[in-house]
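Here the structure comes first, spelled out in structure tokens, and everything after it is commentary.
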Ligand SMILES: *Cc1c(COP(=O)(O)O)cnc(C)c1O
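Residue numbers (the numbering used here): 483 to 876.
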């Protein structure tokens, strides 16, 4: 069962994610200091990259950002209902049927095409209100945003509009976290060209924002008025291939506990498909979590976990609710021992980047893939509190 996010379980689970709110604050302050005088627009989409949408939004709001950014209307609505009052930008595409909800929850919408301007005018006019708009330009990502050659027409329409307030013009990088700067420099130049619209007409320039985590690390000339970091606020570098110009540390530890330890004789296979068979007598232990919790099945026979401060291999297929680990023939590993899937135990650390490499993906997918079945527990922050599974990630 994937837990219903609206239903709070009253029991604890050995498998959980622990989030260090003080480390999140430290990461926020490190990025903020690095980009000043640009201000922060922290990205908390996808359950704050698995760290818990509402908890993290509350924390970052208390840090004094220019606003918060999410992907979808629904995420913004959840934040408003949780009492978040700072500006919220919804970065995803605009489904025009949702415009009244954007207005109701006072969420800034991303406008990527002139077709959206009419419906915004109509809805905001009917409701007697003003729509907050961030125009988005596609400077080379090839996703959301108006193509540069259409930007003038879109900006003209938005500035003519009576019920849309053009608060910002932004864009997004495709390769800012790669060592080769060529495309990023191109995108910055294209963006500068588009926003020269305002200077050329003697109009006040709205807020400009462009930089994601990769650009914060590598491209200070992309900071403009606000930066939009996501991943790095959670203490994770997008890749190991670029310089670590800002000091951040992971805030998330993914833990479980050994629930069974047993002898596994030579020649006796482990798990579905019998993909692993020891050629020696050994011991295996069972860890009560699996792909239903977001531990990818691709990690079968590939990942390692920490038990008693040492690395141990995941053996056999990862199941929905369990996976097995070879503890070794003479092991001191016992039922009840802590298992660290991501995080530090003793002198050893497994990072989200390392798990991502084993699963042939990126740390973003590993973190956002931790499902709502895994309780999030919070440490630190203004007050100590352990929600023990009562707050699901979204
Ligand atoms: C997700 C996202 C970000 C944040 O990217 P990171 O690489 O996590 O820093 C910024 N801008 C947009 C438009 C996004 O979709």
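Glycine residues also receive a C-beta, built at the ideal position from the N, C-alpha and C atoms. Here the structure is a predicted model, which means the values were calculated and not measured.
Neighbourhood of residue i by C-beta, 7 angstroms cutoff - its chain only, sequence neighbours within 5 removed
{"i": "residue 541", "result": "503, 506, 507, 863"}
{"i": "residue 743", "result": "765, 767, 809, 815, 816, 817"}
{"i": "residue 738", "result": "496, 497, 769, 770, 771, 821, 823"}
{"i": "residue 717", "result": "505, 509, 730, 731, 732, 733"}
{"i": "residue 842", "result": "780"}
{"i": "residue 728", "result": "512, 513, 516, 698, 699, 714"}
{"i": "residue 567", "result": "none"}
{"i": "residue 557", "result": "527, 535"}
{"i": "residue 777", "result": "771, 800, 805, 823"}
{"i": "residue 549", "result": "523, 568, 569, 570, 571"}
Sequence-distant residues of the same chain with beta carbon closer than 8 angstroms to residue i, five excluded per side
{"i": "residue 564", "result": "536, 539, 540"}
{"i": "residue 750", "result": "759, 760"}
{"i": "residue 472", "result": "Because the chain spans 483 through 876 in this model, residue 472 falls outside it and cannot be assessed."}
{"i": "residue 554", "result": "527, 572, 574"}
Boundaries of the beta strand (DSSP E) in which residue i is found, first to last residue
{"i": "residue 795", "result": "792-797"}
{"i": "residue 738", "result": "734-739"}
{"i": "residue 820", "result": "820-827"}
{"i": "residue 614", "result": "613-618"}
{"i": "residue 648", "result": "646-652"}
{"i": "residue 808", "result": "805-808"}
Pairwise C-alpha distance: residue j and residue i
{"i": "residue 638", "j": "residue 796", "result": "58 angstroms"}
{"i": "residue 696", "j": "residue 607", "result": "39 angstroms"}
{"i": "residue 483", "j": "residue 855", "result": "For residue 483, the predicted structure reports a pLDDT of 41, less than 50, and the residue's modelled location is therefore unreliable. The matter cannot be settled from this model."}
{"i": "residue 852", "j": "residue 532", "result": "6 angstroms"}
{"i": "residue 656", "j": "residue 623", "result": "5 angstroms"}
{"i": "residue 754", "j": "residue 781", "result": "14 angstroms"}
{"i": "residue 790", "j": "residue 831", "result": "12 angstroms"}
{"i": "residue 788", "j": "residue 527", "result": "29 angstroms"}
{"i": "residue 634", "j": "residue 676", "result": "8 angstroms"}
{"i": "residue 670", "j": "residue 664", "result": "10 angstroms"}
{"i": "residue 693", "j": "residue 813", "result": "49 angstroms"}
{"i": "residue 857", "j": "residue 547", "result": "27 angstroms"}
{"i": "residue 598", "j": "residue 576", "result": "8 angstroms"}
{"i": "residue 587", "j": "residue 792", "result": "49 angstroms"}
{"i": "residue 807", "j": "residue 647", "result": "57 angstroms"}
{"i": "residue 631", "j": "residue 574", "result": "21 angstroms"}
{"i": "residue 794", "j": "residue 721", "result": "24 angstroms"}
{"i": "residue 658", "j": "residue 620", "result": "15 angstroms"}
{"i": "residue 591", "j": "residue 603", "result": "13 angstroms"}
{"i": "residue 784", "j": "residue 840", "result": "6 angstroms"}
{"i": "residue 884", "j": "residue 800", "result": "As displayed, the chain neither begins before 483 nor continues past 876, which places residue 884 out of reach and without an answer."}
{"i": "residue 678", "j": "residue 690", "result": "11 angstroms"}
{"i": "residue 798", "j": "residue 616", "result": "49 angstroms"}
{"i": "residue 601", "j": "residue 560", "result": "24 angstroms"}
{"i": "residue 701", "j": "residue 652", "result": "16 angstroms"}
{"i": "residue 740", "j": "residue 819", "result": "5 angstroms"}
{"i": "residue 811", "j": "residue 745", "result": "8 angstroms"}
{"i": "residue 666", "j": "residue 725", "result": "16 angstroms"}
{"i": "residue 877", "j": "residue 596", "result": "Residue 877 is absent from the model: the chain starts at 483 and stops at 876."}
{"i": "residue 845", "j": "residue 834", "result": "5 angstroms"}
{"i": "residue 683", "j": "residue 649", "result": "17 angstroms"}
{"i": "residue 707", "j": "residue 673", "result": "13 angstroms"}
Any C-beta of chain D under 8 angstroms from that of residue i
{"i": "residue 602", "result": "In the structure shown, chain D cannot be found, because there is only a single protein chain."}
Bridge partners - residue i, DSSP secondary structure assignment
{"i": "residue 764", "result": "746"}
{"i": "residue 502", "result": "861"}
{"i": "residue 758", "result": "752"}
{"i": "residue 786", "result": "795"}
{"i": "residue 521", "result": "708"}
{"i": "residue 570", "result": "550"}
{"i": "residue 592", "result": "616"}
{"i": "residue 655", "result": "In DSSP, residue 655 forms no bridge with anything."}
{"i": "residue 690", "result": "651"}
Residue range of the alpha helix (DSSP H) that includes residue i
{"i": "residue 831", "result": "First-last for residue 831: 830-832, but that is the beta strand (DSSP E), not the alpha helix (DSSP H)."}
{"i": "residue 699", "result": "695-700"}
{"i": "residue 450", "result": "Because the chain spans 483 through 876 in this model, residue 450 falls outside it and cannot be assessed."}
{"i": "residue 706", "result": "Taken as a continuous stretch (DSSP letters only), residue 706 belongs to no alpha helix (DSSP H), as it is neither H nor E."}
{"i": "residue 584", "result": "581-586"}
{"i": "residue 538", "result": "535-544"}
{"i": "residue 850", "result": "845-850"}
{"i": "residue 680", "result": "664-682"}
{"i": "residue 724", "result": "Unbroken run through residue 724: none, as it is neither H nor E."}
{"i": "residue 530", "result": "527-532"}
{"i": "residue 780", "result": "Per DSSP, residue 780 belongs to no alpha helix (DSSP H) and is neither H nor E."}
Close-in-space but distant-in-sequence residues of the same chain around residue i (CB under 6 angstroms, 5 per side omitted)
{"i": "residue 705", "result": "517, 520, 693"}
{"i": "residue 680", "result": "687"}
{"i": "residue 868", "result": "Residue confidence for residue 868 is low, a pLDDT of 45 falling below 50, so the modelled location carries little weight and cannot support an answer."}
{"i": "residue 551", "result": "523, 525, 571, 573, 710"}
{"i": "residue 593", "result": "615, 617"}
{"i": "residue 735", "result": "500, 825"}
{"i": "residue 786", "result": "793, 795"}
Check: residue i C-beta below 7 angstroms from any heavy atom of ligand 2
{"i": "residue 680", "result": "Although ligand 2 was asked about, the structure shown includes only ligand 1 as ligands."}
task: With ligand 1 as the reference, list in chain order each residue whose Cβ lies under 5 angstroms from any of its heavy atoms.
output: The set of residues whose C-beta lies within less than 5 angstroms of a heavy atom of ligand 1 reads, in chain order, 525, 573, 654, 694, 695, 710, 711, 712, 713.
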